[in-house]
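Heads up: the sequence shown begins at 5 in our numbering, then just goes up one per residue.
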Amino acid sequence: MDVATVRAEVGIRELKNSLSKYIDRVRAGEEVIVTDRGRPVARLSAMDAADDRLADLVAAGVVRAPVSAKRHVPVHRIKAKAPVSDLVREQRR
């Protein structure tokens, strides 16, 4: 962490009530220390590319990145031949 990095302290309740504001501050490079009754309990900081586990897995060839941001939605719904509860009960045996 740079010496010039700005730090802010925020209590849990204030963080909960203004989460978007603090996330924006973290994106801007600020570090936020979360406190519980005045005692530091967590640190929020921006993720570096090296901390991105998914990017590491894609780079290693373990997983493939999605081709598009849209999720595939089936054209036709699958209709159950029996109640789903029967299927669950059968698998739990």
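Glycine residues also receive a C-beta, built at the ideal position from the N, C-alpha and C atoms.
Source: prediction; values computed, not measured.
- request: Tell me whether Ile82 sits in a helix, a strand or coil according to DSSP, three-state version.
  value: As a first step, residue 82 must be located in the sequence shown, where it is residue number 78. Looking at Ile82 - three-state DSSP - the assignment turns out to be coil, as it is neither helix nor strand.
- request: Quick one: grab the DSSP three-state call for Val7.
  value: To locate residue 7, count along the sequence shown from 1; it is residue 3. In this prediction, Val7 has a pLDDT of 45, which is less than 50 and means its spatial position is unreliable; what the coordinates show is noted afterwards. If DSSP states are grouped into helix, strand and coil, Val7 belongs with coil.
- request: From the DSSP output, in three-state form, read off Arg31 for me.
  value: If you number the sequence shown from 1, residue 31 lands on position 27. DSSP places Arg31 in helix when its eight states are reduced to three.
- prompt: Which class does Asp40 belong to by DSSP, given the choice of helix, strand or coil?
  reply: Counting from one through the sequence shown, the residue named residue 40 turns up at place 36. The answer is strand: DSSP assigns Asp40 an E or B state.
query: Contact between the region 10-22 and the region 30-48: three or more CB pairs below 8 Å?
result: yes
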